[in-house]
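Asker: Let me begin by handing over the structure; questions about it come next.
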Amino acid sequence: MTSPDPTSQADLHPEVDALAAAGQGSGIFDEHHPPADELISDCVHCGFCLPTCPTYALWGEEMDSPRGRIHLMKMGKEGAVELDDTYAQHFDACLGCMACVTACPSGVQYDKLIEAVRPQLERNHRRSLPDRLFRGMIFILFPYPSRLRVAAVLGELYRRLGVRSLVHRTGAIRLLPARLQAVEALMPPAQLRHLATRTPAVTPAVGTTRRRVGFLTGCVQRVFFADVNQATVRVLTAEGCEVVAPASQRCCGALSEHAGREPEALQRARELIDAFADAEVDTIVSNVAGCGSSLKEYGRLLRDDPEYAERAAAFSAKVRDVSELLAELEPVAPRHPIEARVAYHDACHLGHAQGVRSQPREVLRSIPGLQVTDIPEAEICCGSAGIYNLVNPEPAEELGRRKVEHVLSVQPDALATANPGCLLQIRRYWPGELPMFHPVELLDASIRGVDPVAAAGSRGRPALDARTSEPGTF
Amino acid sequence: MTTYTEEYRALVAQTGGGQVTEAFRREVAAAVGPGGLISEPAQLRTYECDGLTGYRVVPALVVLPVTTEEVAAVVRACARHRVPFVARGAGTGLSGGALPVADGIVIGLARMRAIRSVDVADQRAVVLPGVTNAEISAAVAQHDLYFAPDPSSQVVCTIGGNVAENSGGAHCLKYGFTTNHVLALTFVSPDGEVVTLGGDAPDQVGPDLRAVVLGSEGTLGIVTEVTVRLLRRPEAVRTLVADFPDPGSAGDAVSDIIAAGIIPAAVEMLDELAIEACEKAVQAGYTLGCPAALVVELDGVGAEVDEEFQRVQEICRANASTNIRIADDAGERARIWKGRKAAFAAMGRISPDYFVQDGVIPRTKLGSTLTRIREMSDAAGLRVANVFHAGDGNLHPLVLYNGAVAGEAERAEHLATAIVELCVEQGGSITGEHGVGSDKACSMTAMFGPEDLTVMARVRAAFDPQGICNPGKVLPTPRLCGERPGPYRPHPLEAAGLIERM
Chain X
1 MTSPDPTSQA DLHPEVDALA AAGQGSGIFD EHHPPADELI SDCVHCGFCL PTCPTYALWG
61 EEMDSPRGRI HLMKMGKEGA VELDDTYAQH FDACLGCMAC VTACPSGVQY DKLIEAVRPQ
121 LERNHRRSLP DRLFRGMIFI LFPYPSRLRV AAVLGELYRR LGVRSLVHRT GAIRLLPARL
181 QAVEALMPPA QLRHLATRTP AVTPAVGTTR RRVGFLTGCV QRVFFADVNQ ATVRVLTAEG
241 CEVVAPASQR CCGALSEHAG REPEALQRAR ELIDAFADAE VDTIVSNVAG CGSSLKEYGR
301 LLRDDPEYAE RAAAFSAKVR DVSELLAELE PVAPRHPIEA RVAYHDACHL GHAQGVRSQP
361 REVLRSIPGL QVTDIPEAEI CCGSAGIYNL VNPEPAEELG RRKVEHVLSV QPDALATANP
421 GCLLQIRRYW PGELPMFHPV ELLDASIRGV DPVAAAGSRG RPALDARTSE PGTF
Chain Z
475 MTTYTEEYRA LVAQTGGGQV TEAFRREVAA AVGPGGLISE PAQLRTYECD GLTGYRVVPA
535 LVVLPVTTEE VAAVVRACAR HRVPFVARGA GTGLSGGALP VADGIVIGLA RMRAIRSVDV
595 ADQRAVVLPG VTNAEISAAV AQHDLYFAPD PSSQVVCTIG GNVAENSGGA HCLKYGFTTN
655 HVLALTFVSP DGEVVTLGGD APDQVGPDLR AVVLGSEGTL GIVTEVTVRL LRRPEAVRTL
715 VADFPDPGSA GDAVSDIIAA GIIPAAVEML DELAIEACEK AVQAGYTLGC PAALVVELDG
775 VGAEVDEEFQ RVQEICRANA STNIRIADDA GERARIWKGR KAAFAAMGRI SPDYFVQDGV
835 IPRTKLGSTL TRIREMSDAA GLRVANVFHA GDGNLHPLVL YNGAVAGEAE RAEHLATAIV
895 ELCVEQGGSI TGEHGVGSDK ACSMTAMFGP EDLTVMARVR AAFDPQGICN PGKVLPTPRL
955 CGERPGPYRP HPLEAAGLIE RM
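Sequence lines, in order, name chains X and Z.
Just so you know, the first sequence maps onto residues 1 to 474 in the numbering used here.
Just so you know, the second sequence maps onto residues 475 to 976 in the numbering used here.
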């Protein structure tokens, strides 16, 4: 099955006839996988999800809580409501953090429900023109490393030529709409030497080969966090893995899937499966929580595709977060001490969506001298949530500041988290400069015998009374 | 008909009668600002029920105030326009206490969630009503203090709701209910006055109106600030799970423990079905297939706890316990409680629908009552899971059914009601802690005579003469409780112009 160019908005309408229509689509939803009645009826309205829902924490409103949203889905299926802006806004406001899935005692699969609703909104609800343009811009840029590299160079010019400090000094930045301000503020600094870096197609293991693993290099990750990818490859090879990173791999479709752009997500999934088809690996490793979570969903995403359904399920079964794989492997590479107190931040798509919580901590604890600290209110999202902090900058900012307050409260020397989005989000609101790492970077440093926390100096730990009134600067 | 007195009928007939007009809406909006007002139909529907989903009424408006002054201003507008209002916390209640009233408004307190102050030396804290029960304990844990009442929904239910329902929990056997842990309330009366009930001192001067309001299920006014008492964490806590071959033996063990002079912090019982659901939900390590498991927790001074813990194990073994699991550390204890506390919500794992019932029986009748419930369950062809606070005889039978099967919901409701009536027949009561709310108002006559109900209605009318504060809850409305409306006869108070009927 060939799919149209995924960037075109008009092509978000799938060929419904060609796809099996499971469930009884009714009410305001179409017949293509509406939220299933049996999943909706699992919710007994007990409210245990409320305290872990970021939007309920912010606004205290039923319709912006998981059970409220499920209630809205039920009404949607009954046709008791209109699919209008009011209805859509409550699903758009959901971060998709899946904290409610962790909290639910009845096992409600809110992840499946929200992922069924989002494509319905994309197909059946017409957003305002500025909203469509803004979302379109995101999806024309982010899933394309080549375009991101151009953007990164422009961003660096903007910074280095003094334009950035000028627009901030004159206050001109505040003339921009909130969403564009968010883009401006979240754009990470690019290290120009990294822009030319590519992960080799095959990197042999150091010493005896214990595993042959595939490696997803990511989009934002490979452009702005190329050093994390290099660290990942070094750690994996040091632990006896031969690392295969097919050069043909493109975006995994996670951003598209989480935004409800189903045909685009499906096409990207197919292409990625093809890219790894000849890799001959038992394990496919991701070092980005959001991507890994999506890869593990390929089986479900492509369930209607006769050509890919089986391959997708087999692919998903092989996917591991890098910390899962490292926790599985008995460490062979010697570790050198890093004397530091490191706060570990659970990325939602790792903790809630993949249930991976203990492994990254184990990986960090394998470093001598390193003290791993949990952050209070760890279950609440930092507000990054894929493209959420770009399309919903105001609640994202409140959540970001809230998270920073909690990180500050444990006075860490550094922060570790396994998702670039969380890292950028927390850094944006951090008062001063906190050394931030992917757990695998710390492990890499430990194996190489360097101490990146000490290298960052004492500026890492701000005074406890530091508050987040001014966004952090890079 | 002698169920109700004429005075009672006249008193409960007062139910506001005002409408949510444009003028009213403007007044309320002026009080809370546009961001505090919810009026879109789809949004209003998400407030149509609380944790009891069987009853649904869409409110005309939802208001989300953030200060006592805002609550008072909204209530004053309601009083002026005779518009009924219903206070709502987290909406986790299981008796429909926060069920909206048609043509009335919901005053949601979910945005009032600050902890005002903590007084460590005097062991008290001042909190706003939207703070969750568990947040209070979390906020004072660093001082080695905690808030004792622990309803199973404590991670989500709010202190405002706890005050309204006088909530208990697993540990109320030893520590008592919310009323034993609340010193003072800031209270907005149904005419919009703000008063303080109770005070910082443990003993009150004058009639204890704090105690009257506590447990009145939101029918006397709205509490906007709560001064809670905090307890020092016990030096030692020991927890075990004992399996029994049948519920009767477990019940006997509970009686023997109490008879031995031991007051456990908690004694909980789960039956086979309840264990199955808990294990599916949270894998707390209960024995699958075990007909009855007791969770016994002791706390207090180390030496005393150790000695009594040995005695409890002996008593369990003497009552044919087949296995005793002892929690070795805090993590293990937390797992045991997580399983127990998720029990209701976990029923979704083994049944599409269920009724949570709440009744009380004398502790000595545990075994025989459970046998009767089993017989009734078999006769009705419906499964009943039992989770309960065995120490104080508070039963929570869960009647499982499938709403998609025609007639099953009615049969389940009938069985649930029959079980509560069985409790009263055994010398118990219709509710232990979930409250009367909308669900059990009609059952009040099973427990109280006409004069009792009349006195309750007089108290309520003294606070709320217009009948605008959570009307239709707790006190039975004769017309809605199977009684056909009779010919109108004016009440003497009505004839005297002291009250009026809308």
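Where a beta carbon is used, it is the ideal one built from N, C-alpha and C, also for glycine.
(1) If the cut is a Cβ gap below 9 Å, which residues of chain Z does X/PHE142 touch?
(2) Taking 9 Å as the CB-CB cut-off, is X/ASP42 touching chain Z?
(3) X/VAL81 touches chain Z at which residues, Cβ-Cβ below 9 Å?
(4) Measuring alpha carbon to alpha carbon, tell me which of X/ALA259, X/ASP451, X/ILE375, X/ARG149 ends up nearest X/HIS194.
(5) I'd like to know if Z/PHE621 contacts chain X, where contact means its C-beta is closer than 9 Å to some C-beta of that chain.
(6) So the beta strand (DSSP E) X/ARG475 belongs to, where does it begin and stop?
(7) Going by CA-CA distance only, name the one from X/THR373, X/PRO334, X/ALA385, X/PRO337 that's closest to X/LEU350.
(8) How about Z/ASP827 and Z/LEU889: do their beta carbons lie closer than 9 Å?
(9) At 9 Å on the CB atoms, spell out the chain X contacts of Z/PHE818, in chain order.
(10) Let's see if you can read the secondary structure: which residues bound the beta strand (DSSP E) around Z/SER591?
(11) So which residues on chain X does Z/ARG823 lean against when the C-beta distance must stay under 7 Å?
(12) In whole angstroms, give me the CA-to-CA distance for X/ALA269 and Z/ALA758.
(13) Could you tell me which of Z/ALA920, Z/ARG707, Z/CYS943, Z/GLU699 sits nearest to Z/VAL594, measuring between CA atoms?
(14) Under 8 Å between beta-carbons, which chain X residues line up against Z/THR527? List them in chain order, please.
(15) Please report the straight-line C-alpha distance between Z/GLU753 and Z/LEU762, rounded to a whole angstrom.
(16) On the premise that Z/GLY570 lies in contact with Z/SER912, defined as a C-beta separation below 8 Å, what is that separation, rounded to the nearest angstrom?
(17) Can you tell me which residues form a DSSP beta bridge with X/ASP374?
(18) Where do the ends of the beta strand (DSSP E) carrying Z/HIS863 lie?
(19) When the Cα of X/VAL235 is compared with those of X/GLU441, X/ILE28, X/ARG174, which residue comes out closest?
(20) Rounded to whole angstroms, what's the CA-CA distance from Z/GLY567 to Z/GLY525? Just pull it up for me.
(21) What would DSSP say about Z/PRO871, mapped onto helix, strand or coil?
(22) Here's a check: name, in chain order, each residue in its chain whose Cβ is nearer than 6 Å to the Cβ of Z/TYR482, leaving out the five neighbours to either side.
(23) Let's test the definition: count the other Cβ atoms within 10 Å of the Cβ of Z/ASP852 and tell me whether it reaches 16, buried, or not, exposed.
(24) What's the call for X/PRO177, buried or exposed, on a 16-neighbour Cβ count within 10 Å?
(25) Which chain X residues are close to Z/ALA584, counting only those with a beta carbon under 7 Å from its beta carbon?
(26) Between Z/ARG530 and Z/GLU522, how many whole angstroms is the CB-CB distance? I'm expecting something under 8 Å.
(27) Please name the residue in Z/ALA644, Z/GLY507, Z/GLU639, Z/ASP665 whose C-alpha comes closest to that of Z/ALA551.
(28) Between the Cα of Z/GLY582 and those of Z/ALA612, Z/ALA739, Z/GLY510, spot the shortest distance and give me the residue it belongs to.
(29) Return helix, strand or coil for X/SER293, following the three-state DSSP convention.
(30) Below 7 Å CB to CB, which residues in the same chain sit around Z/PRO719 once its five sequence neighbours on both sides are set aside?
(31) Check whether chain X comes within 9 Å of Z/LEU538, counting only Cβ atoms and requiring the distance to be less than that.
(32) So the beta strand (DSSP E) Z/VAL668 belongs to, where does it begin and stop?
(33) Taking its Cβ as the centre, do 16 or more other Cβ atoms sit within 10 Å of Z/GLY673, making it buried, or is it exposed?
(34) Do X/ILE28 and X/GLU61 have their C-beta atoms closer together than 9 Å?
(35) Helix, strand or coil: which one does DSSP assign to Z/MET977?
(36) For the structure I just gave you, are there three or more beta carbon pairs, one from the segment 221-240 of chain X and one from the segment 428-442 of chain X, closer than 8 Å?
Answerer: Reading it off the structure:
(1) The contacting residues do not exist; X/PHE142 stays about 32 Å from chain Z at best.
(2) Taking Cβ atoms only, chain Z reaches closer than 9 Å to X/ASP42, which makes this a yes.
(3) Within chain Z, the residues PRO515, ALA516, ARG519 have their CB atoms less than 9 Å from the CB of X/VAL81, given in chain order.
(4) Residue X/ARG149 is the option with its Cα nearest to X/HIS194.
(5) By this cut-off, Z/PHE621 is not an interface position.
(6) Only positions 1 to 474 of chain X appear in this structure, which leaves residue 475 of chain X out of reach.
(7) Per the Cα distances, X/ALA385.
(8) Their beta carbons are not under 9 Å apart, which means Z/ASP827 does not touch Z/LEU889 by this criterion.
(9) Residues of chain X passing the Cβ test: VAL44, CYS46, PRO105.
(10) Per DSSP, Z/SER591 belongs to the beta strand (DSSP E) from 589-593.
(11) Identification of chain X residues near Z/ARG823 by a Cβ-Cβ cut-off of 7 Å yields SER106, GLY107, ordered along the chain.
(12) So the two alpha carbons sit approximately 37 Å from each other.
(13) It is Z/ARG707 whose Cα lies nearest to the Cα of Z/VAL594.
(14) By Cβ distance, chain X contributes VAL44, HIS45.
(15) Near 8 Å, if we compare the C-alpha coordinates of Z/LEU762 and Z/GLU753.
(16) Indeed they touch by this definition, with Cβ atoms about 3 Å apart.
(17) Note: X/ASP374 is bridge-paired with X/TYR344 in the DSSP secondary-structure output.
(18) Z/HIS863 -> beta strand (DSSP E) spans 858-863.
(19) If we check each option's Cα against that of X/VAL235, X/GLU441 comes out closest.
(20) Rounded to whole angstroms, Z/GLY567 to Z/GLY525 spans 5 Å at the Cα level.
(21) In the structure shown, the three-state DSSP call for Z/PRO871 is strand.
(22) Excluding sequence neighbours, Z/TYR482 sits near LEU927, THR928, ALA931.
(23) Within a 10 Å sphere around the beta-carbon of Z/ASP852 sit fewer than 16 other beta-carbons, which makes this residue exposed.
(24) Counting the other Cβ atoms within 10 Å of the Cβ of X/PRO177 gives fewer than 16, which makes it exposed.
(25) Those within 7 Å of Z/ALA584 in chain X are GLY60.
(26) About 4 Å separates the beta carbon of Z/ARG530 from that of Z/GLU522, a gap short enough to meet the 8 Å contact definition.
(27) For the residues Z/ALA644, Z/GLY507, Z/GLU639, Z/ASP665, the minimum Cα distance to Z/ALA551 belongs to Z/ASP665.
(28) In terms of CA proximity to Z/GLY582, Z/GLY510 leads the group Z/ALA612, Z/ALA739, Z/GLY510.
(29) In the three-state scheme derived from DSSP, where H, G and I count as helix and E and B as strand, X/SER293 is classed as helix.
(30) Cβ neighbours of Z/PRO719 beyond the five flanking positions: PRO765, ALA794, THR796.
(31) The beta-carbon of Z/LEU538 is placed less than 9 Å from the nearest beta-carbon of chain X.
(32) Where Z/VAL668 is concerned, the enclosing beta strand (DSSP E) stretches over 668-672.
(33) Classification for Z/GLY673: exposed.
(34) Not in contact: X/ILE28 and X/GLU61 (Cβ atoms no closer than 9 Å).
(35) Outside the shown range of chain Z, which is 475 to 976, sits residue 977 of chain Z, and nothing can be said about it.
(36) Here the segment 221-240 of chain X makes contact with the segment 428-442 of chain X; the two share three or more CB pairs at distances below 8 Å.
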